[in-house]
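In mature numbering (1 follows the signal peptide of the UniProt record, and there is no 0), the protein residues as written are -23 to -1, 1 to 237.
Structural data, given as structure tokens:
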């Protein structure tokens, strides 16, 4: 159909907004750590689309309940400071965050350094590390507190805590957690992303003739503004994924479900 061929042509830059960095460099050494840094996130997206790095496919977990993992921790710092993370935040090397390949974004985890017995709590907001044998990439501050900066890596035990439900008024650190059903929330299906707003508007208008709730979600990072075109609104991830599969059968070859 002519309309379908137009859709295929107009689906641009779908993966230009991907936030999955490889985190291969772990030797950056800033000169100081601010004494006070809030760790309260503005937003914790509930899910992430399956992705491939170096030909390997990673499928994020639907739930972090009961998750425990032992392996090597590494860290990433200055080179990635100020860049977009996988959940859309800007990476802050001084915050208590970390990257994990499959844990749900927004999950708080306890990291226990098995070599010096130090422990920290960090929030997963990025994907990585994509180096064999490593299970978690810590922020600069997290690595410093855990004693990982000097050696670069350390054997650790990662235990998922869940979503933070309350924070310390004094330190702003999380003090209570709860398990989260990551299948429930607000979801939609993304079918395209544009750097020119007029193109996104035209695409949304054409889609609205056949699909309800076609809408545009602007996104900004250091590269500029992207206008993400999405279809549908769902309160269950499985429903969004079913709709995404249906769209893919209708020539939306790169449609995928996302949390809003």
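C-beta atoms are modelled at their ideal positions from N, C-alpha and C, and glycine is treated no differently.
Following the continuous alpha helix (DSSP H) through residue i, name the residue where it begins and the one where it ends.
i: residue 213; result: Where residue 213 is concerned, there is no enclosing alpha helix (DSSP H), although the beta strand (DSSP E) it sits in stretches over 201 to 213.
i: residue 181; result: 174 to 185
At the 8 Å Cβ level, is residue i part of the contact set with chain D, yes or no?
i: residue 181; result: The question asks about chain D, but that chain is absent: this structure has only one protein chain.
Determine the closest residue to residue i out of the options, with distance taken between C-alpha atoms.
i: residue 37; options: 85, 68, 104 and 66; result: 104
i: residue 199; options: 60, 69 and 43; result: 60
i: residue 225; options: 169, 193, 182 and 210; result: 169
i: residue 187; options: 177, 236, 209 and 131; result: 209
i: residue 112; options: 96, 99, 79 and 93; result: 79
i: residue 66; options: 197, 182 and 234; result: 197
i: residue 190; options: 107, 220 and 40; result: 220
i: residue 132; options: 150, 95, 176 and 99; result: 95
i: residue 162; options: 182, 117, 217 and 116; result: 217
Does DSSP classify residue i as helix, strand or coil?
i: residue 118; result: helix
i: residue 100; result: strand
i: residue 217; result: helix
i: residue 57; result: helix
i: residue 132; result: strand
i: residue 82; result: coil
i: residue 233; result: strand
i: residue 224; result: helix
i: residue 189; result: coil
i: residue 137; result: strand
i: residue 33; result: strand
i: residue 40; result: coil
i: residue 68; result: coil
Compare the beta carbon distance of residue i and residue j with 8 Å and say whether it is the shorter of the two.
i: residue 119; j: residue 75; result: yes
i: residue 87; j: residue 123; result: no
i: residue 97; j: residue 83; result: no
i: residue 91; j: residue 164; result: no
i: residue 70; j: residue 99; result: no
What span of residues does the beta strand (DSSP E) with residue i cover, start to end?
i: residue 197; result: 192 to 198
i: residue 74; result: 74 to 76
i: residue 168; result: 161 to 171
i: residue 127; result: Here residue 127 belongs to no beta strand (DSSP E), and DSSP marks it neither H nor E.
i: residue 48; result: 45 to 52
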